[in-house]
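Below is one structure, written out as structure tokens; comments come after it.
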Amino acid sequence: MLLFGSRSLSYSIPEFRKPLDWDVVGTEEDLARLSELLPRHPDKKKTPHKTVLIYEGCPLEVVVCEPGSYWWQVWQAFADEPSIEVPILGRLTVAPAPFCLITKQISLIYRIHHWHKNLEDIYFLRNYIQSIPPNVEALFPATQAHSRAYFAEYHNSFPAVPVACHPKLPERLESNLHRELHERVRLGARPVVTEPDAWKAFPHLSGAERILHMRMLLAEEAMVFAAHCRAETRGFPGGRSDAELKRYALREFAMSHLPEDWRYFTVNHYREIAEMIPENWGKLVEDLVGPAPSPQPSPE
């Protein structure tokens with residue numbers, strides 16, 4: 001079988017956080033053998049290609065693959081990687097760490113659980129992984145396509161909301177407020193969204209200047225969206241602080257119905273975009289959308 005996910009990292013990067021579960025790829029025969037030895041997880045439902053058992057007190061997610069499937073392709077790509085012997089589970093080939101990095105990056109443009117934890121994992125892994133080996137890089141398009149199909153139904157069950165001014169998203173009804181918010185939070189002489197071909201990723205620019213403008217665009221749009229959320233009290237009992245709304249807005253951008261390229265850019269440049277947003281962004285629009293909630297006293 002093939003071991004992948006966060007558990008596989010503990011064998012190649014010992015400093016990585018303690019994994020929460022096991023993720024393995026195997027055959028129907030592997031699953032049948034394990035099902036006789038291990039109990040079924042009571043809180044996890046079986047899906048057509050995944051069964052969750054309990055191993056050493058942790059969830060063991062067994063992905064069953066067939067020849068020609070995506071996971072079969074992954075398994076074959078890593079056939080020559082190092083392996084380990086694990087009680088009950090048997091011999092496991094360990095997927096290389098760069099594969100875990102790209103799968104975490106790709107999954108972050110969808111509404112996954114533990115979104116911010118996985119984002120921190122990416123930044124941790126970048127410090128250890130200097131390059132992507134050819135056998136992992138070759139899997140990137142297939143991994144994107146697999147995730148796109150895997151998450152499609154759940155992703156599309158969420159309606160498109162105007163997180164930004166992108167032409168593929170619904171327009172804001174509060175046009176006067178929206179324009180004023182852009183003016184208040186602009187990072188330059190004018191709102192970046194008004195620049196030519198902004199949502200086409202500034203094709204007239206190149207290199208670091210282009211990246212800078214893309215980050216500025218998303219930073220401004222995140223502040224405008226966060227301000228709208230405060231004005232609409234979007235399901236936030238008691239309100240949220242400026243920092244919490246900023247964090248919420250950037251995550252929503254990554255999981256939204258923006259085109260995939262912009263969502264990937266948000267994930268890969270999250271910290272740089274966040275650093276562009278001033279701590280006092282809420283003060284800049286306070287008269288338009290209301291103040292941040294007062295800090296709650298700490299319990300004694």
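When you line the sequence shown up against the working numbering, it's residues 1 to 300, in that order.
Here a beta-carbon is modelled for each residue, glycine too, at the ideal position from N, C-alpha and C.
Through-space distance from residue j to residue i, alpha-carbon basis
i, j, result
"His269", "His114", "19 angstroms"
"Asp242", "Leu181", "15 angstroms"
"Val74", "Pro278", "43 angstroms"
"Ala79", "Arg271", "36 angstroms"
"His166", "Arg111", "20 angstroms"
"Gln144", "Lys104", "11 angstroms"
"Lys168", "Pro59", "40 angstroms"
"Glu252", "Pro259", "13 angstroms"
"Trp262", "Ala249", "14 angstroms"
"Leu38", "Asp21", "14 angstroms"
Cβ-Cβ distance between residue i and residue j below 9 angstroms
i, j, result
"His41", "Cys65", "no"
"Ala198", "Leu212", "no"
"His116", "Arg172", "no"
"Leu108", "Met1", "no"
"Ile102", "Ile132", "yes"
"Val25", "Val63", "yes"
"Pro293", "Arg240", "yes"
"Ile106", "Ser147", "yes"
"Met214", "Trp281", "no"
"Glu174", "Ala231", "yes"
"Val321", "Val267", "Only positions 1 to 300 of the chain appear in this structure, which leaves residue 321 out of reach."
"Ala142", "Tyr70", "yes"
With 16 other Cβ atoms within 10 Å as the buried cut-off, status of residue i
i, result
"Leu245", "buried"
"Phe4", "buried"
"Tyr123", "exposed"
"Pro191", "buried"
"Asp43", "exposed"
"Gly188", "exposed"
"Arg7", "buried"
"Glu220", "buried"
"Gly207", "exposed"
**Prompt:** Are the stretch 87-104 and the stretch 136-146 touching by the rule of at least three beta carbon pairs closer than 8 angstroms?
**Reply:** Result yes; three or more Cβ-Cβ pairs closer than 8 angstroms.
**Contact between the stretch 9-17 and the stretch 26-37 (3+ Cβ pairs under 8 angstroms)** = no
**Item:** Inter-stretch contact at 8 angstroms, needing at least 3 Cβ pairs: the stretch 154-172 / the stretch 118-132
**Value:** no
**Request:** Kindly provide the ranges of any alpha helix (DSSP H) runs that are 4 or more residues long and lie completely inside the stretch 49-98, ordered along the chain.
**Result:** 70-77
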